[in-house]
Structure formats: C-alpha cells, structure tokens
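Input: a single structure, listed below in structure tokens.
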Amino acid sequence: KQEVTQIPAALSVPEGENLVLNCSFTDSAIYNLQWFRQDPGKGLTSLLLIQSSQREQTSGRLNASLDKSSGRSTLYIAASQPGDSATYLCAALYNNNDMRFGAGTRLTVKP
Amino acid sequence: EPEVTQTPSHQVTQMGQEVILRCVPISNHLYFYWYRQILGQKVEFLVSFYNNEISEKSEIFDDQFSVERPDGSNFTLKIRSTKLEDSAMYFCASSDVGREYNEQFFGPGTRLTVL
Chain A
38 KQEVTQIPAA
48 LSVPEGENLV
58 LNCSFTDSAI
68 YNLQWFRQDP
78 GKGLTSLLLI
88 QSSQREQTSG
98 RLNASLDKSS
108 GRSTLYIAAS
118 QPGDSATYLC
128 AALYNNNDMR
138 FGAGTRLTVK
148 P
Chain B
7 EPEVTQTPSH
17 QVTQMGQEVI
27 LRCVPISNHL
37 YFYWYRQILG
47 QKVEFLVSFY
57 NNEISEKSEI
67 FDDQFSVERP
77 DGSNFTLKIR
87 STKLEDSAMY
97 FCASSDVGRE
107 YNEQFFGPGT
117 RLTVL
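First to last, the protein sequences are chains A and B. The first sequence begins at 38 in the working numbering and counts up one residue at a time. The second sequence begins at 7 in the working numbering and counts up one residue at a time.
Below you can see the structure in the form of structure tokens.
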C-alpha cells in the first residue's frame, strides 16, 4: 500500500534556527514528490516539486531533497522566521495519478 | 499570478441534498483534480480529469460523486445525495502537464458541512 509518513508531527523552534522536516514513502515508484504549505483553514500552497529523476530542488530559504531508493525526502528551512509557522505537507505522485499525502508537520517558529 | 479559485468558500447543506462545488482552474492548465480533507485527517485524492473525461479516480469517488467541465473555465464536483461523512474541505487543483512534471496548484477550498 502506498503510504506517506511525516515526522515529527509537530515542531517548535526559536526564530533563526535551521530545521529539517522529514517525509517517507513506502512505494518508491513515484513520479514526483511535492512539498506544500497549509495555513490554518486555508488551501495548499506549492513550495517545491522534485521530479523522480532529481535529487534536490531549492527555492529561497527552502531546499528539498529526494532519495527514491530509501523512500525519503527532506525539507530544509534555513533561518526560520515566525511567518514560516504553518503545516508542511509532502505528497508523492504515483503512476495512477493518485497523489498520496502525509499527515503534515505543524511548525511553530517563536519570535 | 494565476490561481485556482473555488466557490463557495463554505457550503452548509442537509443530509440527502445535492451539492455542486465549483472551481475555476488556472486558464492554460489541462489537468484537473479534486481532493478532500476531513477535519484532522490527511488530504485524500478523489479524481483526476483530462480531455473531458475522468482519467483516474479513487475508491472514495463512488456513484454519488460526479465531475464535469460544463464550459471552458469551470470544473465542478457534484455530490448527489450528501451524507454526514461527506463533511470535509474539498480542494480543486490543476496542472499544465501530467505525470513527472505535474506540479499541482490548489485552490483555497470549499468547506462542506452536512447537517
């Protein structure tokens, strides 16, 4: 079964700290992996897309890596800010166009 | 910047009633999707739509659900006879290509409450 897991479920850090969010997937036959941000009661904002042939993608203070063979992806956030506080979701796209989501990591960055 | 829009933002209905959730995908996108998120649970895939037909659907997407692209801009999700367990946030998404390069862009969602 294609399951996506994210740890930790919640994370609280002081402003300025670098942090890593983890995502793992049981079936490595993914087409791509996408990281999203979700603010409370809001929609999903796409942050980064890593294609299955890529190892990492960067956007500003965000860097996402992908290791298909081990079924893992990480999202690295540098110099965290209070505005980064949100839930971060990873989602793996499979052959049947079914995007499987993790439950998310709820990040709080304290001023 | 182009974005996916959804209406209404919140829909309240009685059990057994039909509801139609509306979405306007990004204009040059070709692939359209519906997802749902029950409160406190994961986002779940419902259906994908391409070239005026369903390309994939999950086991959640049973006979009470249907999708339609009635004109060149709207994409709708119809729930024929709503149940209490249909209460959820429904997200529409679109992408301009499929498969590996498929970056999906999501709308703000419609919160459906079934009483």
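The beta carbon of each residue, even a glycine, is placed where N, CA and C say it ideally should be.
Taking residue 61 (chain A) as reference, the option from A:146, A:115, A:107, A:89 with the minimal CA-CA separation is A:107.
Considering only beta carbons, the part of the stretch 42-68 of chain A lying closer than 8 Å to chain B consists of 68, in chain order. Proximity to residue 147 (chain A) across A:52, A:74, A:123, A:105 peaks at A:52, based on C-alpha coordinates. A direct Cα-Cα distance of roughly 14 Å separates residue 65 (chain A) from residue 135 (chain A).
For residue 120 (chain B), the nearest beta carbon of chain A is not closer than 8 Å to its own beta carbon. Residue 58 (chain A) sits in a strand when the DSSP states are folded into three classes. Residue 44 (chain B): not part of any beta strand (DSSP E); DSSP gives it neither H nor E.
For the C-beta of residue 57 (chain B), not a single chain A residue is nearer than 8 Å; the gap to the nearest is close to 13 Å. With contacts defined as CB atoms closer than 8 Å, residue 98 (chain A) and residue 87 (chain A) fail to qualify as a contacting pair. Neighbours of residue 108 (chain A) in chain B, taken as residues at a C-beta separation under 9 Å, are lacking, since the least C-beta distance is about 17 Å.
When only Cα atoms are considered, residue 24 (chain B) and residue 88 (chain B) end up about 6 Å apart.
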